[in-house]
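J.:
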Amino acid sequence: MHPINWVIVIGYLVYVVVDGIRRSKGTHEIEGYFLANRNLPWWAVGLSVMATQLSAVTMIGTTGQGATDGMRFVQFYFGLPLAMVILGVTLVPFLHGARVFTAYEYLEKRFGPRTRSLTSLLFLVSRGMSCGAIISAPAIVFSAIFGWPVWMSVTLIGIPTVIYTMIGGVQAVTWADVKQMFLIVGALIAIVVVLLIQLPVSPDEALRIAGATGRLQVFDFSVSATETYTFWSGIIGGTFLSLSYFGTDQSQVQRYLTARSVDEARSSLLMSAYWKIPLQALILLIGVLVFVFYLFQAPPLLFNPAHERTVRSAQAEEFAVIESRYGAALGARAEAARAMAAGRTAPSAFLSADSAVSAVRAEALVLAEQATGTSSRDVNYIMPHFVLNHLPLGFAGIFIAAVMAAAMSTIAAELNSLATATVIDFYRRWIRPQATDAHFLAVSKGATAFWGLFACVVAVFSATLGSLIEVVNRYGSFFYGSILGVFLLAMIPGARAPGAFFGLIAGMSTVAAVSLGAPQISFLWHNVIGAVTVVFVGVVLSALVRGPGSAARAGG
Amino acid sequence: MRLPDSGPAALMNGSPKFRRTLARVMTVQIVTLLLLWMLQARYTA
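These protein sequences, in sequence, are chains G and A.
Each residue of the first sequence is one higher than the one before, counting from 3 in my numbering.
Each residue of the second sequence is one higher than the one before, counting from 137 in my numbering.
(1) Residues in its own chain within less than 7 Å of G:ILE165 by CB, not counting five upstream and five downstream?
(2) Quick one: measure Cβ to Cβ for A:VAL164 and G:TYR296, integer angstroms, because I've assumed they're closer than 8 Å.
(3) Heavy atom of the ligand PLP less than 8 Å from the Cβ of G:TYR35, yes or no?
(4) Closer than 9 Å, Cβ to Cβ, to anything on chain A: give me those residues from the region 254–275 of chain G, in chain order.
(5) List, in chain order, every chain A residue whose beta-carbon is nearer than 8 Å to that of G:LEU281.
(6) Of the choices G:GLU33, G:ILE6, G:HIS4, whose alpha-carbon is the least far from that of G:SER446?
(7) Mark G:VAL359 as exposed unless 16 or more other C-beta atoms lie within 10 angstroms of its C-beta, in which case mark it buried.
(8) Is DSSP giving G:GLY420 helix, strand or coil here?
(9) Do you know offhand how far G:ALA40's Cα is from G:LEU259's?
(10) With 9 Å set as the bound, which would you pick, yes or no: does the beta-carbon of G:MET2 sit closer than that to a beta-carbon of chain A?
(11) Here's the rule I'm using: 16 or more other beta-carbon atoms within 10 Å means buried, otherwise exposed. How should A:ARG155 be labelled?
(12) Less than 9 Å separating the beta-carbons of A:TYR179 and G:ARG210?
(13) Looking only at its chain, what residues have a beta carbon closer than 6 Å to the beta carbon of G:PHE144, apart from the 5 residues adjacent to it on each side?
(14) Considering only the alpha carbon of each residue, which of G:THR438, G:ALA499, G:ILE199, G:TRP153 lies closest to G:VAL462?
(15) According to DSSP, is G:ALA261 part of a helix, a strand, or is it coil?
(16) Alpha carbon to alpha carbon, how far is G:ALA85 from G:ARG314?
(17) For G:LEU42, name the three-state secondary structure that DSSP assigns.
(18) Mapping the DSSP letters down to three states, classify G:GLU319 as helix, strand or coil.
(19) Measure the alpha-carbon distance for G:PHE125 versus G:GLN252 and round it to whole angstroms.
(20) In the structure shown, what three-state DSSP assignment does G:SER57 receive?
(21) For G:GLY216, go through chain A and note every residue whose CB falls closer than 8 Å to its CB, in chain order.
(22) Just to check my reading of the structure: G:ALA338 and G:ALA364 have Cβ atoms closer than 8 Å, yes? What is that Cβ distance to the nearest angstrom?
(23) Chain G partners of A:THR168, CB-CB under 7 Å?
(24) Please report the Cβ distance between G:ARG217 and G:GLY63, rounded to the nearest whole angstrom; I am assuming they are in contact, meaning their Cβ atoms lie under 8 Å.
(25) So with CB distances below 7 Å, who are the chain A contacts of G:PRO83?
(26) When the Cα atoms are used, what is the spatial distance from G:ILE285 to G:GLY532?
(27) Starting from G:VAL87, find everything on chain A with Cβ-Cβ shorter than 9 Å and list it in chain order.
(28) Going along chain A, which residues have a C-beta under 9 Å from G:GLY213?
(29) Check whether the Cβ of G:PHE221 lies closer than 9 Å to any Cβ atom in chain A.
(30) Would you call G:ASN382 buried or exposed, if buried means 16 or more other Cβ atoms sit within 10 Å of its Cβ?
(31) Short check: CB of G:LEU291 to CB of G:LEU197, under 9 Å?
(32) Can you tell me whether G:HIS4 is buried or exposed, with buried defined as 16 or more other CB within 10 angstroms of its CB?
(33) Considering only their Cβ atoms, is the gap separating G:ILE137 from G:ALA403 smaller than 9 Å?
(34) Could you tell me which chain A residues have their CB closer than 9 Å to the CB of G:LEU209, listed as they occur along the chain?
(35) Measuring CB to CB, does G:PHE298 end up less than 9 Å from G:LEU201?
(36) Comparing the C-beta of G:VAL76 with each C-beta of chain A, is any distance below 9 Å?
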């Protein structure tokens, strides 16, 4: 990468740390450190919520998905606006009005300490591991592209984030998120403009070519529990997933607990409701346009440069043969695309040429898998390859900085929420309830540093821990919907503590049974199954047994 | 600590400003989905 691009990246990293620390006003007590004294404006909270959701995987993985699979992934977000509206009138007033630090703290007031500790522990385990995965995804891509060891990429992303999150608390996290969101959206818009300028065909022709391959097929109305992205799984499963994520995950709940009032907290969530689908559609459309771009500009046979280097040295002759066939197939496809765009031939000729290119590439991917012994899936490398090789000077630096911004905003929010749950739900609740605010503040900073280092270690060893991370993520999806079920149960007046606790265990067990017994069922439905099971079991058990619940509600 | 009332009326007690925002959100969603539908209808065979 050109030195000017590196200057942009390093300048961004220095700026985000210095400004994050500068913004850390009012963080002398834990209320300020974790909740910014509940005094942040709705627009800053709203941008922070959006930045937290937008991870580095969105920047590099979702664009790659747009290039290979098209726009249909956007259906995943169809339930989000509805979920935001539901949360705005249900959980947000509950949690904001209860003046709690964590979502799980509210559950103790309703169902006792056992349910609170279990849900908070589930959050710590799953988020602690996923935070490592969030750092490792871009770190592995950077390592492959720039030839760095993984620890160096992890350090570059992880350490600045830990520093500003630890020193500045939620104020630093939120204000850094605001700037990171502008950088991310600015970089995306700049890429669209550059793409439209560089394409040798008009935007209308580009879309006609992409449409012929099915990449502009947004809606799939088929009724299938096994198809991951359909209109119905997006609307129903997506609503439950968004309700779980935004309503019960501390990394999200903590964002809107910092808002000045219930109305401002609601408005901050509605910002995501406004912009999430258009933003995701834009990101996927960029991927689609990159696909069209590579119809006229020869793409590499393997997008992952590390794999390409390995295959070239391990199986040079075989690779050279495939490469020459690939070149010929690309030439034929480019000609067919031009002919189709000009209306000289039917789409079938272009589609046949495109299939020929895909077939040759599939052979190269098999070769890469044999040579490296790892998965040759290279969707995450399509966008970085385009950015580093085809964007004008400076744009690559902005894009790399934007990918780092996306990673850092997500990691910072998670570290801050992990520290909050550790200190409030465990340390203050069980170990030192009477300690001073200054003591809790020092412990909170220590907890942030601990979780930051834990996430960096998980990220560095992600290759070795690969299956473990997968297991944790998989089990994480077992309890997402179930935790939502507990919160829904909390809003049912007759629900009691034993119903909530055993309902939660029943919900997780049911999702585990469905996931293991019928793995073909899309994970989006797991949230629905978990939440419904918890509510059903919880209501039935509450009717059968007596326990704290209604009394806690009435007594406050 | 007193917890907020959980009755349906209390849950729906958003200010007029919030209700207007809600209407705008739903309008934006419908327009977005219509635009995506038009994109698909125009360019997908």
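Each residue gets a CB set at the ideal place from its N, CA and C atoms; glycine is no exception.
T.: The structure says:
(1) Taking the first sequence and counting its residues from 1, the one referred to as residue 165 of chain G is at position 163. If we look at G:ILE165 and ignore the five residues flanking it on each side, its Cβ neighbours are VAL19.
(2) Within the second sequence, numbered from 1, the residue matching residue 164 of chain A stands at position 28. Within the first sequence, numbered from 1, the residue matching residue 296 of chain G stands at position 294. Incorrect: roughly 33 Å between the Cβ atoms, too far for contact.
(3) In the structure shown, the ligand PLP is absent, as is every other ligand, since no ligand is present at all.
(4) VAL264, ASP265, ARG268, SER269, LEU272, ALA275
(5) Along the first sequence, read from residue 1 onward, the residue named residue 281 of chain G stands at position 279. Simply none; closest approach about 10 Å.
(6) In the first sequence, counting from the first residue as 1, residue 446 of chain G sits at position 444. G:SER446 has its Cα closest to that of G:GLU33, out of G:GLU33, G:ILE6, G:HIS4.
(7) The sequence position of residue 359 of chain G within the first sequence is 357, counting from 1. When all chains shown are included, G:VAL359 counts as buried.
(8) As a position in the first sequence, residue 420 of chain G is number 418, starting the count at 1. It should be pointed out that residue 420 of chain G corresponds to Leu in this sequence rather than to Gly. Of the three classes helix, strand and coil, the one that applies to G:LEU420 here is helix, per DSSP.
(9) Within the first sequence, residue 40 of chain G is the residue found at index 38, counting from 1. Within the first sequence, residue 259 of chain G is the residue found at index 257, counting from 1. First, the residue type needs correcting, since residue 40 of chain G is Arg and not Ala in the sequence shown. Approximately 7 Å, taken between the alpha carbons.
(10) Residue numbering for chain G in the displayed model covers 3 to 558; residue 2 of chain G lies beyond these limits and cannot be assessed.
(11) In the second sequence, residue 155 of chain A corresponds to position 19, counting from 1. Under this definition A:ARG155 is an exposed residue.
(12) What you label residue 179 of chain A is simply residue 43 of the second sequence in a count that begins at 1. What you label residue 210 of chain G is simply residue 208 of the first sequence in a count that begins at 1. In this structure, A:TYR179 lies near G:ARG210, with their beta-carbon atoms less than 9 Å apart.
(13) Walking along the first sequence from the start, residue 144 of chain G turns up at place 142. Once the five neighbours on either side are set aside, the close Cβ partners of G:PHE144 are SER155.
(14) The count along the first sequence starts at 1 and reaches residue 462 of chain G at position 460. Measuring from the Cα of G:VAL462, the nearest candidate turns out to be G:TRP153.
(15) For the purposes of this step, residue 261 of chain G is taken as residue 259 along the first sequence, with counting starting at 1. Residue state, collapsed to three classes: strand.
(16) On the first sequence, position 83 is the one that residue 85 of chain G refers to. On the first sequence, position 312 is the one that residue 314 of chain G refers to. Those two C-alpha atoms are separated by around 49 Å.
(17) For the purposes of this step, residue 42 of chain G is taken as residue 40 along the first sequence, with counting starting at 1. It is a strand residue.
(18) Position 317 of the first sequence, counted from the start, is the residue given in the question as residue 319 of chain G. G:GLU319: helix per DSSP, three-state reduction.
(19) In the first sequence, residue 125 of chain G corresponds to position 123, counting from 1. In the first sequence, residue 252 of chain G corresponds to position 250, counting from 1. C-alpha separation (whole angstroms): 8 Å.
(20) The count along the first sequence starts at 1 and reaches residue 57 of chain G at position 55. Looking at G:SER57 - three-state DSSP - the assignment turns out to be coil, as it is neither helix nor strand.
(21) Translated into positions along the first sequence, residue 216 of chain G becomes position 214. Under the 8 Å cutoff, chain A gives THR180.
(22) Against the first sequence, residue 338 of chain G aligns to sequence position 336. Against the first sequence, residue 364 of chain G aligns to sequence position 362. G:ALA338 to G:ALA364, Cβ: 19 Å. No contact.
(23) Within the second sequence, numbered from 1, the residue matching residue 168 of chain A stands at position 32. Going along chain G in sequence order, the residues near A:THR168 (Cβ under 7 Å) are ILE279, PRO280.
(24) Residue mapping note: residue 217 of chain G aligns to position 215 of the first sequence, counting from 1. Residue mapping note: residue 63 of chain G aligns to position 61 of the first sequence, counting from 1. Actually they do not touch by this definition, with Cβ atoms about 16 Å apart.
(25) Translated into positions along the first sequence, residue 83 of chain G becomes position 81. Simply VAL161, GLN165.
(26) Start at 1 with the first residue of the first sequence, and residue 285 of chain G comes out as number 283. Start at 1 with the first residue of the first sequence, and residue 532 of chain G comes out as number 530. One C-alpha to the other measures close to 31 Å.
(27) Start at 1 with the first residue of the first sequence, and residue 87 of chain G comes out as number 85. At a C-beta separation below 9 Å, G:VAL87 has these neighbours in chain A: LEU158, VAL161, MET162.
(28) Numbered from its first residue, the first sequence carries residue 213 of chain G at position 211. Under the 9 Å cutoff, chain A gives LEU175, GLN176, ARG178, TYR179, THR180, ALA181.
(29) Start at 1 with the first residue of the first sequence, and residue 221 of chain G comes out as number 219. By this cut-off, G:PHE221 is an interface position.
(30) Here residue 382 of chain G is taken as the residue at index 380 of the first sequence, counted from 1. Its Cβ being crowded by 16 or more others within 10 Å, G:ASN382 is buried.
(31) As a first step, residue 291 of chain G must be located in the first sequence, where it is residue number 289. As a first step, residue 197 of chain G must be located in the first sequence, where it is residue number 195. Taking 9 Å as the Cβ cut-off, G:LEU291 and G:LEU197 qualify as a contacting pair.
(32) Translated into the one-based positions of the first sequence, residue 4 of chain G becomes position 2. G:HIS4 should be labelled exposed.
(33) The count along the first sequence starts at 1 and reaches residue 403 of chain G at position 401. The count along the first sequence starts at 1 and reaches residue 137 of chain G at position 135. Not closer than 9 Å, so no.
(34) Counting from 1 along the first sequence, the entry for residue 209 of chain G is found at position 207. Here the neighbours are LEU175, ARG178, TYR179.
(35) Against the first sequence, residue 298 of chain G aligns to sequence position 296. Against the first sequence, residue 201 of chain G aligns to sequence position 199. Their beta carbons are under 9 Å apart, which means G:PHE298 touches G:LEU201 by this criterion.
(36) For the purposes of this step, residue 76 of chain G is taken as residue 74 along the first sequence, with counting starting at 1. Yes, contact with chain A.
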